[in-house]
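In this note's numbering, the protein residues as written are 46 to 120.
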């Protein structure tokens with residue numbers, strides 16, 4: 046019998062349960078298992094699958110719908 050580490054996603058849906066995604070790493074070594082998970086897009090710490098891993102999204106630049114005017118408005 047061999048030992049294989051499996052990572053399970055720790056994301057929860059409140060009262061509805063937890064995420065059911067898991068990743069069999071194929072390794073018994075913890076560091077190697079986490080390296081395999083990182084290559085697969087998993088977040089380690091709280092183990093999160095790629096769908097639930099926190100990835101900061103770039104903030105788009107602000108686009109003004111109307112040009113701004115300087116001075117007093119004309120009537």
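Here a beta-carbon is modelled for each residue, glycine too, at the ideal position from N, C-alpha and C.
Through-space distance from residue j to residue i, alpha-carbon basis
| i | j | result |
| --- | --- | --- |
| residue 51 | residue 68 | 6 Å |
| residue 88 | residue 78 | 12 Å |
| residue 98 | residue 61 | 19 Å |
| residue 86 | residue 95 | 5 Å |
| residue 73 | residue 47 | 8 Å |
Secondary structure of residue i, DSSP reduced to three states
| i | result |
| --- | --- |
| residue 108 | coil |
| residue 63 | strand |
Supposed close pair residue i, residue j - CB separation, criterion 8 Å
| i | j | result |
| --- | --- | --- |
| residue 93 | residue 55 | 6 Å |
| residue 81 | residue 63 | Going by Cβ atoms, the distance from residue 81 to residue 63 rounds to 22 Å, so no, they are not a contact pair. |
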